[in-house]
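Just so we're aligned: 142 in numbering that gives the first Met the number 0 is position 143 of the sequence shown, and the numbers increase by one with no gaps anywhere. Beta carbons: idealized from backbone N, C-alpha and C, even for Gly.
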Amino acid sequence: MNSGNSDKDIDERVNEEKRNTDKYEVKLRNAQNKLDESTKRQNDIGVPPDGLDKYKDIPIKQLQRDLDRALIELKKYAHVNKKALDQFLQFSDERDKLINRKAEIDEAHRHIVDLIESLDNKRFETIQFTFKQVSLYFTEVFKRLVPEGTAHLVIKTGDNEDYDSEQVSSQSSSQQMSVDDFTGVGIKVSFNGRTNEMRDMQQLSGGQKSLVALALIFAIQKCDPAPFYLFDEIDQALDPQYRNAVAELINELSQKAQFIITTFGPDLLKYGDKFYGITYRNKVSQIRSVTRDEALEFVEDNEGQNQVAQATTTTTQSSSDI
0 MNSGNSDKDI DERVNEEKRN TDKYEVKLRN AQNKLDESTK RQNDIGVPPD GLDKYKDIPI
60 KQLQRDLDRA LIELKKYAHV NKKALDQFLQ FSDERDKLIN RKAEIDEAHR HIVDLIESLD
120 NKRFETIQFT FKQVSLYFTE VFKRLVPEGT AHLVIKTGDN EDYDSEQVSS QSSSQQMSVD
180 DFTGVGIKVS FNGRTNEMRD MQQLSGGQKS LVALALIFAI QKCDPAPFYL FDEIDQALDP
240 QYRNAVAELI NELSQKAQFI ITTFGPDLLK YGDKFYGITY RNKVSQIRSV TRDEALEFVE
300 DNEGQNQVAQ ATTTTTQSSS DI
């Protein structure tokens, strides 16, 4: 009987130890879970392992006091922009885009500057070429009209300097002059051939101005011919010694262009192909075809010339179509 009670006691003790073991296993699992959770929180916070080693021997109360002080210090920064990082990243992205955009604009600007420079060079070359050609023909035509004279064109600049075609070419080669420096074109002439007596247009008489103007027109015509020209009494202000030279030159140029001219002088009539007489009476203009002899007879009639000067309403004008 005692033996039976002893076995029963042993079984109860075994069962009790088993229950205690189960409890310890539950506690162990709970402790392990807490450890895992703490480890996870540690990883989320980002606390370095050496930081734990630094504070693991410090009492909890001391750590709590340190934490309270740290929280008080953090309250000083409560108004800090919490979106600063996001804004910084956003602004950094915008900055990169603007830098790229600026690079594109700089590249486009460089191309535009190169294009403007190229166009300016072409414009300068065109002006230089045209001026040189017109200047050459102007000198030739003037020499044809005034054998004992000389004339040339000059380009005026902002510094009140005058440059002929050769000087403009030399300035171009050294790139010391641009189109923006040009302010106009001037004319230098001498009717006696003396280069030290070259005069500007404003220093010439009315007849000389007319002759120079015609020489310039004919020079331009040689560079860029027009199909026809209409001249109204261009010989009226000309000095008599130059009228025949002008008529001969017009006759030569009429091989490639048509000239319609009104005149009261006989010089231009000598080379005309077709003649018209125009009358104005009783407020009515009439035009009729006339012969060369009829036209010459009218312009050589001194009385007719006086009538023209006094009253154009009663005169007949001669028009030569060359």
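Have a look at residue i and residue j and give me their C-alpha separation to the nearest angstrom.
i      : j      : result
PHE137 : LEU97  : 58 Å
ARG100 : GLU93  : 10 Å
ARG122 : GLY183 : 15 Å
ILE115 : ALA225 : 32 Å
SER204 : ARG242 : 16 Å
ALA214 : SER117 : 34 Å
LEU34  : ASN14  : 30 Å
SER91  : LYS22  : 58 Å
ARG110 : SER134 : In the sequence under discussion, the amino acid at residue 110 is His, which differs from the Arg named in the question. Approximately 35 Å between the Cα atoms of the pair.
GLN254 : CYS222 : 15 Å
PHE227 : GLN201 : 29 Å
LEU88  : TYR54  : 35 Å
HIS78  : GLU72  : 13 Å
GLU24  : ASN42  : 27 Å
ASP10  : ASN19  : 14 Å
LYS7   : ASN32  : 37 Å
SER5   : ARG12  : 11 Å
SER284 : ASP199 : 41 Å
VAL145 : MET197 : 14 Å
PRO58  : ARG64  : 10 Å
GLU139 : GLU124 : 22 Å
LYS74  : ASP67  : 11 Å
GLN61  : ALA30  : 24 Å
PHE16  : ARG28  : According to the sequence provided, residue 16 is Glu. The question's Phe does not apply to it. Answer to the nearest angstrom: the Cα atoms are 18 Å apart.
HIS108 : ASP85  : 34 Å
ASP52  : GLU103 : 55 Å
LEU70  : TYR76  : 10 Å
GLU36  : ASN80  : 31 Å
ASP56  : ARG40  : 20 Å
Going by beta-carbon coordinates alone, are residue i and residue j separated by less than 9 Å?
i      : j      : result
GLY276 : PHE297 : yes
LEU152 : ILE126 : no
GLN235 : PHE263 : yes
LEU267 : VAL245 : yes
ILE233 : ILE260 : yes
ASP119 : VAL178 : yes
PHE190 : GLN207 : yes
PRO265 : GLU293 : no
How many whole angstroms separate the CB atoms of residue i and residue j, which I take to be in contact at a CB cut-off of 8 Å?
i      : j      : result
ALA150 : VAL211 : 7 Å
VAL188 : PHE141 : 7 Å
ARG143 : LEU252 : Actually they do not touch by this definition, with Cβ atoms about 11 Å apart.
ILE154 : PHE128 : About 13 Å separates the two Cβ atoms, so there is no contact after all.
Under 8 Å from any heavy atom of the ligand ADP, does the C-beta of residue i make it?
i     : result
GLN89 : Of ligands this structure carries none, so the ligand ADP is not represented either.
Which residues in the same chain as residue i place their Cβ atom closer than 6 Å to its Cβ, once the five residues preceding and following it in sequence are excluded?
i      : result
ARG335 : What the structure shows of the chain is the stretch from 0 to 321, and residue 335 is not part of that stretch, so it cannot be assessed.
SER209 : ALA236, LEU237
GLN132 : CYS222
ASN250 : TYR270
Going by Cα to Cα distance, which pick from the options is closest to residue i?
i      : options                        : result
ARG193 : PHE217, ARG291, GLY148, TYR228 : GLY148
LYS269 : VAL283, ASN281, ASP52, LEU295  : LEU295
Looking only at its own chain, which residues have a Cβ that is under 8 Å from the Cβ of residue i, when we skip the five neighbours before and after it?
i      : result
ALA256 : GLN220, PRO224, ALA225, PRO226, PHE227, TYR228
So, for residue i: in the same chain, excluding its five sequence neighbours on each side, which residues have a beta-carbon less than 7 Å away from its beta-carbon?
i      : result
THR38  : none
ALA83  : none
GLN240 : none
ASP158 : none
ARG291 : LEU268, GLY271, PHE274
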